[in-house]
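Written below as structure tokens is the structure these notes are about.
Residue numbers (my numbering): 22 to 125.
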């Protein structure tokens with residue numbers, strides 16, 4: 022898989038999601054979606070996009086690769102930091118467990 026920045030993946034995903042025939046770019050769309058779901062948000066805009074991609078992924082059915090769970094946990098950690106200024110301990114433990122399962 023070629024390296025793609027989060028910004029490039031976001032633009033590609035949004036363009037293909039809005040396309041009349043989104044199936045035309047299935048491979049690129051899937052790569053962009055995977056990168057977005059694995060990304061740890063750095064700001065509000067990234068968090069909102071990750072949540073949008075996550076919601077679309079959930080609507081499509083559970084992912085066999087677990088990236089939907091990784092995305093949900095990354096958002097949980099990010100929101101927890103915003104509320105408390107540090108990683109919420111339960112979120113950090115859960116994220117570590119999920120990451121270990123996905124890596125296996």
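C-beta: ideal position from N, C-alpha, C; glycine also.
*Hey, out of 28, 35, 100 and 58, whose CA is closest to residue 78's CA?*
Numbered from 1 along the chain shown, position 57 holds the residue referred to as residue 78. Of the listed residues, the one whose Cα sits closest to residue 78 is 58.
*With distances taken Cα to Cα, identify the nearest neighbour of residue 54 among 65, 102, 64 and 86.*
Here the question's residue 54 lines up with position 33 in the chain shown. Of 65, 102, 64 and 86, the residue nearest in Cα terms is 86.
_Does residue 40 come out as helix, strand or coil in the three-state DSSP assignment?_
As a position in the chain shown, residue 40 is number 19, starting the count at 1. Three-state DSSP puts residue 40 in coil, outside helix and strand.
*What is the C-beta distance between residue 96 and residue 71, in whole angstroms, given that I count them as a contact (C-beta under 8 angstroms)?*
The count along the chain shown starts at 1 and reaches residue 96 at position 75. The count along the chain shown starts at 1 and reaches residue 71 at position 50. Yes, residue 96 and residue 71 are in contact; Cβ-Cβ is about 6 angstroms, under 8 angstroms.
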